[in-house]
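Counted the way my numbering counts, the sequence shown spans residues 23 to 114.
Backbone N, C-alpha and C define an ideal beta-carbon position, used for all residues, glycine too.
Below: one structure, written as structure tokens.
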Amino acid sequence: MIPTLAEAKQHLRVESDFLEDDDYIQNLITAAVDYTEIFCDASIGDLNKPAVKQAILIKVGDFYVMDRTSYTNIKNQETFERLLIHYRKITF
23 MIPTLAEAKQ HLRVESDFLE DDDYIQNLIT AAVDYTEIFC DASIGDLNKP
73 AVKQAILIKV GDFYVMDRTS YTNIKNQETF ERLLIHYRKI TF
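This is the structure in structure tokens:
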């Protein structure tokens, strides 16, 4: 479940008629999906769960805020990991 641009903008509390950041936010969605696939060691197609979509939105938010400040939110990273831990492939 990949979030749409509209869903990401709503999550970020960016007005839908503010178009200036649309390409940037779309790139953040792509980066967040890549990050999620690497974290879970799985294709996003195999991760069709609402929790995964929420984790991607949280990561989009982290990336969006991180670009505008030097702030990193550890709580958001913990939430991201908690949402995905059940879908993460563990290899030994």
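DSSP places Val-36 outside both helix and strand once states are collapsed to three, so it counts as coil. Counting along the chain, the unbroken alpha helix (DSSP H) around Tyr-46 starts and ends at 44 to 62. Apart from sequence neighbours up to five positions away, the residues of its chain that approach Tyr-57 with a beta-carbon distance below 6 Å are Lys-81, ordered along the chain. Counting other Cβ atoms within 10 Å of its Cβ, Leu-41 stays below 16 and is therefore classed as exposed. Gly-67 sits away from Leu-34, with the two beta carbons spaced by 8 Å or more. Close CB contacts of Phe-85 within its chain, under the 8 Å cut and outside five residues either way in sequence, are with Leu-50, Ala-53 and Ala-54 (chain order). Ser-65 has its alpha-carbon roughly 6 Å from the corresponding atom of Glu-59.
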